[in-house]
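Protein sequences, first through last, are from chains R and B.
Counted the way the working numbering counts, the first sequence spans residues -15 to 453.
Counted the way the working numbering counts, the second sequence spans residues 221 to 394.
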Amino acid sequence: MSHYESPLRETLILGDKSYLDVSNDIAAPIEGKANKMWWIVFSISLVAFLWGIGAIIYTIGTGIGVWGLNNKINWAWDITNFVWWVGIGHAGTLISAVLLLFRQKWRMGINRSAEAMTIFAVVQAGMFPIIHMGRVWNAPWVLPIPNQFGSLWTNFNSPLLWDVFAISTYLSVSLVFWWTGLLPDFAMIRDRATKPFQKKIYSLLSFGWSGTAKDWQRFEEVSLVLAGLATPLVLSVHTIVSFDFATSVIPGWHSTVYPPYFVAGAVFSGFAMVQTLLITMRKVSNLEAYITRDHIENMNKVILVTGGIVAVAYLSEFFVGWYSGSSYEDFTYLSIGAATGPYWWAFWALILCNSVFPQLLWIKKFRRSFLVSFIMSIIINIGMWFERFDIIVINLSRGHLPSTWTQFSPTFVDISIYMGTIGFFFVLFLLYARTFPVVAQAEVKSILKSSGSQFKRAMAKEEGKEYRK
Amino acid sequence: MSSKVIQAMYDDDDVLVAAVKKVRENGNHIEEVFTPFPVHGLDKAMGLKETRLAITAFIYGVIGISFAVWMMNYMMIDDWPQNFGGKPNFSYAENMPAFVPIMFELTVFFAAHLMVLTFYMRSKIWPFQTAHNPDPRTTSHMFLMEVIVDGNEDELSSFLKNSGAVELKVVEKK
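Right, dumping it as structure tokens:
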């Protein structure tokens, strides 16, 4: 059996690891103790999360009048945050599904954490439409279940209902995909656990995975078919989210470019969040051998491409709005009116963070720098939040009836709920980082002989080529 | 019926696959192979049949899309037609574009979940199931092949040793 791969391709596992080394490295954060830094970040996140819960309880108890919404701007931070979190939740499945279909080996170092991020982000996203209902106890009414209102069913013509189906399918399929991949890794932790309680927990989590040849054959088939199913799924989810806007008749929203542009934007922001998390995690959990500079560079390339698509979409929106000559188009979120109007700061935050600064990544030195990539990822996260804010708030702040023109200011409840979801997200991710195998170690072992440093070096020597580090 | 097997432990996937081929050529029956990660080519070397899980996924997907069509036709056309902006509410075919997203989502939902459930049932993996890999190292870095002993224990042992096994163990299996 040949493990040959051209020495020109990047080394994905550094440090001459053996199979046992991989197990040891991945199990280390689980078997070790959390350091002080972890506890500090966890405590801050937990406080933010609890504060957010308080704000949600206040909202539910009093009504959504406690938010800054008004007659004209009837959607604002809630839907901004919803779309922002769903967008972030796009990178995980893209990495694990699309890159699997394209046989990209570099996905294996990062797919587990990216999928975890996806699931945790979609959980945050899902909360916003539910609390925006005001009467959250009526949330089951969005499901097509027999009810006491005679034969009144949900409206399958509505993009809001499509969203319900899209998000719940996406969340549940991503979860199953993630968990199936986790089974062999939980089994590895289980089989080396020394504490009885730990053994019990990981036995339960691993579903009794034994790793027979037939299990692995089925495992690989299931992964491949799930990847095939998840690829159109991940593209459909943000397409459907964009339908919430695109099928309406509000200037700035009613736009056919929305579905592809939203999908590209989602991947853009999702990869930025993966960068933020993994650049930190590779240091904290000592995973430098598995999440390498090449991984970061590859992700930066994806960010460049999707950022480019987004920039082209901005330009075409701007141009078509201007070219239409309609005076109503002069206050949509991409127009001269927006750039110079009361929301000029939001407009320029979007342009600078999403389309100007990321161009620095064309420079190879920046693309391969952890610090620059980290800062860039934060900038993009901010920019993509502003994109959704601009789409929603700027477009709603003006309309066909000038007497209704208004502005939005968030109340402390809006801000608290948003901060709360960020806290909740990090609480989940930090717990994950201490208890789950954060790298898909079984998959990494399967590419060790083609992409491990000692094997790469040997292959380069044999072919008389220079070893590319 | 109880049977005796030799558990041969290997520390390298390539050696394992070569050994599997040799053992089969020698006419011995391989009971099971445990590996810590998917070893490519192992299923072919062992002569395992191809899995039909992908076919089940297709069937589940067809069930999913049929269910979606039936459900939306029943709710939106048959049972309680409603007028939303003058959209045709008397015919599924004419209102179909609005139903495409959910037809797609339910296809994926059924195909993915039912396929994974089928996989779990077939491989007998679910919560509270106990693992049956004979050695804890086989989920980390070792590879284990179980070969049935048919009155040829000594001969088979030396054969396996020659194939690169680093440890041998004879066990009675129920």
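Backbone N, C-alpha and C define an ideal beta-carbon position, used for all residues, glycine too.
Chain B contact residues for N139 of chain R, given Cβ-Cβ distances below 9 Å: M296, Q302, F304
Please confirm if M101 of chain R has its CB atom under 9 Å from at least one CB of chain B. no
Less than 9 Å between the C-beta atoms of F161 of chain R and E99 of chain R, yes or no? The answer is yes: Cβ separation under 9 Å.
Applying the 10 Å Cβ sphere with the 16-neighbour rule, what's the burial state of Y230 of chain B? buried
Do L85 of chain R and A211 of chain R count as a contact pair if the criterion is CB distance below 9 Å? yes
Taking only the alpha-carbon atoms, compute the straight-line gap between K267 of chain R and A18 of chain R and give it to the nearest angstrom. 14 Å
Coarse secondary structure for I280 of chain R, derived from DSSP in three states: helix
Unbroken alpha helix (DSSP H) run spanning S435 of chain R, endpoints: 425 to 435
For I226 of chain B, which residues in chain R fall below 8 Å Cβ to Cβ? Within chain R, no residue comes near I226 of chain B; the closest Cβ sits about 17 Å away, beyond 8 Å.
Residue span of the beta strand (DSSP E) that contains S171 of chain B, given as start and end: Residue 171 of chain B lies beyond the stretch modelled for chain B, which goes from 221 to 394, so this question has no answer here.
Rounded to whole angstroms, what is the Cα-Cα separation between M365 of chain B and Q227 of chain B? 6 Å
Short check: CB of M482 of chain R to CB of A256 of chain R, under 9 Å? Here chain R comprises residues numbered -15 to 453, so residue 482 of chain R is not present and cannot be evaluated.
What is the rounded straight-line gap between the Cα of Q201 of chain R and the Cα of T271 of chain B? 7 Å
What do you get for G71 of chain R, buried or exposed, if any count of 16 or more other CB atoms within 10 angstroms of its CB means buried? buried
Contact between the stretch 245 to 256 of chain B and the stretch 348 to 365 of chain B: three or more CB pairs below 8 Å? Short answer: they touch.
9 Å Cβ cutoff met for F203 of chain R and P258 of chain B: yes
With distances taken Cα to Cα, identify the nearest neighbour of S156 of chain R among R:P180, R:W22, R:V107. Taking S156 of chain R as reference, the option from R:P180, R:W22, R:V107 with the minimal CA-CA separation is R:V107.
In three-state DSSP terms, what is K389 of chain B? The answer is strand: DSSP assigns K389 of chain B an E or B state.
Between the alpha carbons of Q391 of chain R and S381 of chain R, how many angstroms are there, rounded? 6 Å
Can we say the stretch 435 to 450 of chain R touches the stretch -6 to 5 of chain R, given the rule of at least three CB pairs closer than 8 Å? The stretch -6 to 5 of chain R and the stretch 435 to 450 of chain R touch, with three or more beta-carbon pairs separated by less than 8 Å.
Report the neighbours of P128 of chain R on chain B: residues whose CB is nearer than 8 Å to its CB, in chain order. M291, M295
Can you check which of these residues, R:K20, R:R176, R:T196, is closest to D263 of chain B by C-alpha distance? R:T196
Three-state class that DSSP yields for L364 of chain B in the structure shown: strand
Selection of the stretch 401 to 431 of chain R by Cβ proximity to chain B, strictly under 9 Å: Q425, A426, E427, V428, K429, S430
So which residues on chain B does Q182 of chain R lean against when the C-beta distance must stay under 8 Å? By Cβ distance, chain B contributes nothing, its closest Cβ being about 13 Å from Q182 of chain R, past 8 Å.
Given a cut-off of 9 Å, decide if D199 of chain R and L424 of chain R are closer than it, judged by their beta-carbon atoms. Note on residue identity: the sequence assigns Ala, not Leu, to residue 424 of chain R. No; because the gap between Cβ atoms is not below 9 Å, this pair is not in contact.
Pull out every residue of the stretch 181 to 207 of chain R whose Cβ sits closer than 8 Å to any Cβ of chain B, in chain order. S187, L188, S190, F191, G192, W193, S194, G195, T196, A197, K198, D199, W200, Q201, R202, F203, E204, E205, V206
For the beta strand (DSSP E) holding I250 of chain B, just list the boundary residues, first then last. 250 to 254
DSSP on S378 of chain B, reduced to helix/strand/coil? helix
Element boundaries [alpha helix (DSSP H), containing F341 of chain R]: From DSSP, F341 of chain R is part of no alpha helix (DSSP H); its letter is neither H nor E.
First and last residue of the alpha helix (DSSP H) that includes W51 of chain R? First-last for W51 of chain R: undefined, no H or E at that position.
Unbroken alpha helix (DSSP H) run spanning D374 of chain R, endpoints: Counting along the chain, D374 of chain R falls outside any alpha helix (DSSP H), and DSSP gives it neither H nor E.
Would you grab the beta carbon distance between I173 of chain R and I275 of chain R for me? Rounded to a whole angstrom, and I think it's under 8 Å. At roughly 19 Å, the Cβ-Cβ gap does not stay under 8 Å, so I173 of chain R and I275 of chain R are not in contact.
Where DSSP assigns a beta bridge to I459 of chain R, which residues make up the other side? Since the first residue of chain R shown is -15 and the last is 453, residue 459 of chain R is not available in this structure.
Neighbour flag for M221 of chain B against chain R, beta carbons, 9 Å: In this predicted model, M221 of chain B has a pLDDT of only 49, less than 50, meaning its place in the structure is not dependable; the value taken from the coordinates is given anyway. No, no contact with chain R.
In chain R, what lies closer than 7 Å to K307 of chain B by C-beta? N141
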